[in-house]
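Going by the working numbering, the first residue of the sequence shown is number 24, and it counts up by one from there. Glycine included, each C-beta is placed from N, C-alpha and C at the ideal position. Predicted model only: the values in this text are computed from it and were never measured.
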Amino acid sequence: MNKILGFARRHKAALLLLMFLGVAAPYSPPFFKLVAGTGFTFSTQTVYPGGSFTVSLPSVGPGAGSYPTSGQVPTFTLDALGRVTAAGSTTTLTSPVIGGSPSLTANLAAGSNKITGLAAATATGDALSYPWITSSAGISVLGSTYTITADNGAYEDTGLSVTLPSAGTYVIWYTARTNVVAAGAAGAFIEVELYNSTDGSALANSEEIGAYASTVTASYYGTPHLTTTASVVASKVIKLYAKSVAPSSTTTRTVNSDTNGRTNLGYMKISL
């Protein structure tokens, strides 16, 4: 080492000349190189001590914005690197249909889930559905025997009635215990029907023959039963009417109701 230093002192002028002429290599400070990776770049690849560099990430996004549009759902597009390249909004499914596309399923056994808003079935193949109906039913009993005023007259109000409480379809029924005694000629009978006193008209096809006197002077009893349906648009009063039909005359023409048998009238609401 001492020999090298001595050589350098003795030949300093020569060494400077060689460096000036480019024969001797100049001092090269240390540095490192940066290699760009996927998705980003550098402002320079060669960085010396004390230097700096800038990392650049390319802008590939959809730009500033707010997603989704009110009342819609957002949509996004990603590239191979997982970057969002596009964003937007799309409409939601507003009228799902069972059996349609997309498919609609419902867990009908879950808690408080309900199917609502179903239209009434009108054709073969329609799903049958019934809305919830608050229980509505009633029955009235004739308090005492009613005597029909005269033979061969119009139907008379027996005093037995029920009130249908609201619009809807009802099952209506009656049991009428009737009694007739013919005089002069056989063939007298009692006939009963249902009458809508609110609208002033009989319920169609509600007539029934009760007691029928096939001989004279004998007492005949008959108890007709009827079950029918009626649809009303509002509350209605339904009454039991009766009349006596006789070829000649009668001595007894009654609608009875006592411990030997009651005359009653009832209803039950079955749909809205």
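Note on G148: under 16 other CB atoms within 10 angstroms of its CB, so exposed under the neighbour-count rule. The way I'd put it, the segment 159 to 170 doesn't touch the segment 249 to 258; fewer than three beta-carbon pairs between them come closer than 8 Å. According to the DSSP assignment, E230 belongs to no beta strand (DSSP E), since it is labelled neither H nor E. G191: member of the beta strand (DSSP E) spanning 191 to 198, first to last residue. Counting along the chain, the unbroken beta strand (DSSP E) around K292 starts and ends at 287 to 294.
Between T251 and S229, the C-beta spacing is below 7 Å.
Residue Y290 holds the alpha-carbon nearest to the alpha-carbon of L217 among L101, Y290, D102, A142. Under the three-state reduction of DSSP output, I213 falls in the strand class. Short of 6 Å from the beta carbon of K262, and not among the five residues preceding or following it, lie these beta carbons of its own chain, in chain order: D180, S184, Y218, S220. For V278, the closest of Y178, V194, V96 by C-alpha to C-alpha distance is Y178. Judged by their CB atoms, I162 and N287 are nearer to each other than the 7 Å cut-off.
For I162, the uninterrupted beta strand (DSSP E) run begins and ends at 160 to 164, by DSSP. DSSP places L187 within a strand segment (E or B) once states are collapsed to three.
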